[in-house]
Amino acid sequence: MTDASEHLFRREAGRIVATLTRIFGVHNLALAEDVMQDAFCRALEMWKFRGMPENPSAWLMAAAKNRALDALRRERTARTFAPELGRLIDSEWTLAPGVAELFASEAIKDDQLRMMFSCCHPRLPEEAQVALILNILCGFSIDEVASAFVSSHAAIEKRIVRAKKTLAQSKDLFDVTAAAEFSARLPAVHRALYLLFNEGYHGASPETAVRAELCREAMRLAEVLLECRSAVTPATYALAAMMCLHAARLPARVDESGNLNPFLLQDRSQWNRQLIEEGLRLLEHSATGSELTAYHVEAAIASIHARAPRAEETDWGAIVSLYDTLMSISPSPIVALNRAIAVAQKNGPERGLEEIQSIAGSDRLTAYPFYPAALGELEFRRGNQAIAREHFRAALALARNPAERRFLNQRVSACDQR
Amino acid sequence: MSEFVYLYRGGETGGSPERMQQRMQKWMTWMKELGEKGHIKDRGQPLERAGKLVKGKQKAVTDGPFAEVKDVVGGYTLIEARDLDQAVELSKGCPIFESDGAVEVRPVMRMNM
Chain A
1 MTDASEHLFR
11 REAGRIVATL
21 TRIFGVHNLA
31 LAEDVMQDAF
41 CRALEMWKFR
51 GMPENPSAWL
61 MAAAKNRALD
71 ALRRERTART
81 FAPELGRLID
91 SEWTLAPGVA
101 ELFASEAIKD
111 DQLRMMFSCC
121 HPRLPEEAQV
131 ALILNILCGF
141 SIDEVASAFV
151 SSHAAIEKRI
161 VRAKKTLAQS
171 KDLFDVTAAA
181 EFSARLPAVH
191 RALYLLFNEG
201 YHGASPETAV
211 RAELCREAMR
221 LAEVLLECRS
231 AVTPATYALA
241 AMMCLHAARL
251 PARVDESGNL
261 NPFLLQDRSQ
271 WNRQLIEEGL
281 RLLEHSATGS
291 ELTAYHVEAA
301 IASIHARAPR
311 AEETDWGAIV
321 SLYDTLMSIS
331 PSPIVALNRA
341 IAVAQKNGPE
351 RGLEEIQSIA
361 GSDRLTAYPF
371 YPAALGELEF
381 RRGNQAIARE
391 HFRAALALAR
401 NPAERRFLNQ
411 RVSACDQR
Chain B
419 MSEFVYLYRG
429 GETGGSPERM
439 QQRMQKWMTW
449 MKELGEKGHI
459 KDRGQPLERA
469 GKLVKGKQKA
479 VTDGPFAEVK
489 DVVGGYTLIE
499 ARDLDQAVEL
509 SKGCPIFESD
519 GAVEVRPVMR
529 MNM
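Residue numbers (the working numbering), protein chains in the order written: chain A, 1 to 418; chain B, 419 to 531.
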């Protein structure tokens, strides 16, 4: 984050489309996007010659407002707009001041929140919700979403177009003031942000810059949640804590030449202290009420790592028991695999291997390179170089990007050397 | 030193927000460098892509476009350079070439020809 204006356009694009959609109505989402695009083109042309204005965000929002007025004048007979706009649109006397009011900072405060909740429409599959959030709220183009998800342009375009259709048909944007609906949909929003963050943290995209951006966007949207009183629940705190504690480790994950540093060998002095402090603070806030979510447990596990000055000083017993809890609230083969690795740290590689062998549904891990890699690692540690080598080779065949491939190649050659 | 006008023709206008921002930053960097080297007399102005065309004895007024979209002048800058060759050379750093646009370099006529 070298510059405050880094990704300014992208960020403002999300805010502006969210606001324009409230004013135009969700069925006019495409028009909102066109108007945003138009405002940005003008900004680009002006700023090229005149330099950036002092408050670029305000400038962009004002440009969007003027473009919106043009669109409303042009389209008022051809389209219906949001009911809020009501009769304002009938007369030029009321149109401009009315639209100005709809753009007032108090009014646009909740627009991102509203859009976030709208994107998490129950009729949309989770991956479509995440793609939609990235596209609409984070200003990622189809190509940028595709590269983040290591998917084809065509596949992502189809997913987003379909999702937008569903969104546009939902008639109204989500009403963030309806308390019951709000708390009913909040878990879906948490889940989407969690997936967005994880796509950045664990995803297959070879480009670390893209992945760090996904994490950053998820954290930014979690902050939007934390700014809204009704969204501030223990689960929201826990989710934000988990993101901070994981993101703190990002700088140590890859060395200067782009090679992966295995977690236990990371230089912990490179972990971001500020994010760790923030994560621990949020985790403390999350410990109210009786609700215990998977986010709480994942954040707690990350906090134990964050507190250990060196890998050898990790409290593996506590980590194993947190994984036990996680298995009881949200069991999955990946969680079980991580638990087995913690067991190996605590009780030795043999016990870890037993745990891996007994993972239910491990067939769901067959495409995940770190499943055979974990087997290889534990066999390696107990001295079975030949078996370890086979596992690492299997992992290599599943590697999803050059960094994983380099790392696993090193592990294969380590087996040959011993 | 002589004066020249750069007329920026065509060039991509849309793209994703991220790409637009990158493009803008390239322009600002280029302009800044030209300015620091003392080549900018006036940064100039962007021009709307549409306007009116008034033509002929009848002064007939028509709407644009005045040319193919790819040739429309989107703005101008007033440049100071030693000679036409240098002005041309300096124009080659313009980010417009990355988006399929062109720079027309035209010497300003001088009184003391």
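Glycine is no exception: its CB is placed at the ideal position from the N, C-alpha and C atoms.
Assigned exposure category for residue i - 16 Cβ within 10 Å defines buried
i      : result
I329/A : exposed
T495/B : buried
N338/A : buried
L196/A : buried
S358/A : exposed
G482/B : exposed
H153/A : exposed
S257/A : exposed
H202/A : exposed
W93/A  : exposed
A247/A : buried
P83/A  : exposed
N420/A : For residue 420/A there is no data in the structure shown, the boundaries of chain A being 1 and 418.
V224/A : buried
Chain B contact for residue i (CB, 9 Å cutoff)
i      : result
K497/A : Limits of chain A in this structure are 1 at one end and 418 at the other, which puts residue 497/A out of reach.
S141/A : yes
A43/A  : yes
C54/A  : The sequence shown places Glu at residue 54/A, not Cys. Answer no: the Cβ-Cβ gap between E54/A and chain B never drops below 9 Å.
K48/A  : yes
Q112/A : no
A13/A  : yes
Test: residue i CB closer than 9 Å to a CB of chain A
i      : result
M456/B : Note that residue 456/B is Gly in the sequence shown, not Met. Output row for G456/B: interface = no.
R528/B : no
E436/B : yes
R441/B : yes
G433/B : yes
G492/B : yes
T495/B : yes
Selected residue, minimal CA-CA separation from residue i, among the options
i      : options                           : result
E354/A : D363/A, L378/A, N28/A and V210/A  : L378/A
L322/A : A311/A, R310/A, A294/A and P309/A : A294/A
A30/A  : A43/A, L102/A and I16/A           : I16/A
W59/A  : I160/A, R73/A, L173/A and R42/A   : R42/A
G25/A  : S170/A, A397/A, E6/A and I160/A   : S170/A
A188/A : I387/A, F81/A and P122/A          : P122/A
V335/A : W271/A, R364/A and I156/A         : R364/A
N425/A : P97/A, E227/A and R406/A          : Any property of residue 425/A remains undetermined from this structure, which presents chain A solely from 1 to 418.
A505/B : E436/B, I458/B and A468/B         : I458/B
K346/A : T366/A, P331/A and E312/A         : E312/A
R159/A : D255/A, I133/A and T21/A          : I133/A
CA-to-CA distance, residue j to residue i, given in whole angstroms
i      : j      : result
A520/B : V423/B : 13 Å
A204/A : L88/A  : 49 Å
R76/A  : L85/A  : 11 Å
S269/A : T208/A : 20 Å
D143/A : N135/A : 10 Å
K48/A  : M419/B : 25 Å
D267/A : E291/A : 35 Å
S118/A : F182/A : 11 Å
R400/A : A360/A : 24 Å
D501/B : P53/A  : 33 Å
A131/A : A168/A : 16 Å
W479/B : Q439/B : The question names Trp, but residue 479/B is Val in the sequence shown. Going by the C-alpha atoms only, they are around 36 Å apart.
E12/A  : N409/A : 42 Å
G14/A  : D111/A : 10 Å
S91/A  : F149/A : 46 Å
S57/A  : K475/B : 47 Å
L275/A : L282/A : 10 Å
T325/A : V412/A : 34 Å
Chain-ordered chain D contacts of residue i [CB-CB under 9 Å]
i     : result
G51/A : Included in the structure are the protein chains A and B, with no chain D among them.
> Along the chain, which unbroken stretches of the alpha helix (DSSP H) at least 4 residues long are found entirely within the region 257–318 of chain A?
Replying inline: 273–286 and 294–307
> Unbroken beta strand (DSSP E) runs of length 3 or more, entirely within the region 154–189 of chain A: which are they?
Replying inline: none
> For the region 319–347 of chain A, which segments carrying the alpha helix (DSSP H) assignment without a break, of at least 4 residues, lie completely within its bounds, in sequence order?
Replying inline: 333–347
>> Quick check for students: name the residue ranges of the alpha helix (DSSP H) that lie wholly in the region 182–234 of chain A, counting only runs of 4 or more.
In response: 208–226
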